[in-house]
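The sequence shown begins at 26 in the numbering used here and counts up one residue at a time. We treat Cβ as the ideally placed atom computed from N, Cα and C, and that holds for glycine. Please read these numbers as outputs of a predicted model, since none were measured by experiment.
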Amino acid sequence: MRLDNFITMTDYGKCKQFIQDRLTQEQSHIFLVHVEGKAAGFVQLYELYHYAKLEKQWLLSDLFVHPDYRGKGLSIALIDRSKQWCDETVACGLMVETEKTNDIGNKLYPRCDFEYDGLHNYYHWWK
């Protein structure tokens with residue numbers, strides 16, 4: 026899979042270096058899904074710690090399936106692999122944040138047993 030297939034707002038070289046750095050520094054984990062020997066999608070997870078449960082959890086940061094392979098259950102397979110990773114790493118669960126306008130994601134995650142957390146507002150400060 027080529028990164029330029031899904032990078033629209035980021036410089037390709039910077040993105041490639043960013044992902045490489047995260048992997049070599051063991052700051053994230055990426056799982057690929059293959060169809061007929063071709064990478065068709067991926068999920069990227071970052072380790073976090075839940076403040077109330079006092080346990081490790083994983084941030085599902087990126088989930089991408091190439092347009093040619095959408096609608097074939099690959100997103101669900103990647104989410105299922107991420108859940109399995111939680112078991113393998115003794116984590117309490119997964120967290121994901123989607124934009125309110127992400128209709129596909131906002132339907133997908135509840136179908137995969139994610140619960141909407143209406144208790145928190147997420148704010149960002151960018152420098």
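Starting from residue i, trace the beta strand (DSSP E) in both directions and tell me its first and last residue.
i: Gly67; result: Per the sequence shown, residue 67 should be read as Phe rather than Gly. Run containing Phe67: Lys63 to His75, per the beta strand (DSSP E) assignment.
i: Leu57; result: Ser53 to Val60
Just confirm the distance between the C-beta atoms of residue i and residue j, as a whole number of angstroms; I'd bet it's less than 8 Å.
i: Lys108; j: Leu119; result: 7 Å
What's the gap between the Cα of residue i and the Cα of residue j?
i: Lys78; j: His91; result: 35 Å
i: Glu122; j: Gly62; result: 30 Å
i: Asn127; j: Leu57; result: 22 Å
i: Asp138; j: Tyr71; result: 20 Å
i: Val115; j: Pro135; result: 23 Å
State the beta-bridge partners of residue i as determined by DSSP.
i: Lys152; result: BP columns for Lys152 are empty, so no partner.
i: Lys81; result: Tyr74
i: Leu119; result: Trp83
Using C-beta distances below 7 Å, list every residue in its chain close to residue i, excluding the 5 sequence neighbours before and after it, in chain order.
i: Asn30; result: For Asn30, the predicted model reports a pLDDT of 48, less than 50, meaning its position is unreliable; a value from the coordinates is still stated below. Contacts found: His91.
Which two residues bound the contiguous alpha helix (DSSP H) that contains residue i?
i: Phe43; result: Tyr37 to Thr49
i: Cys111; result: Leu99 to Glu113
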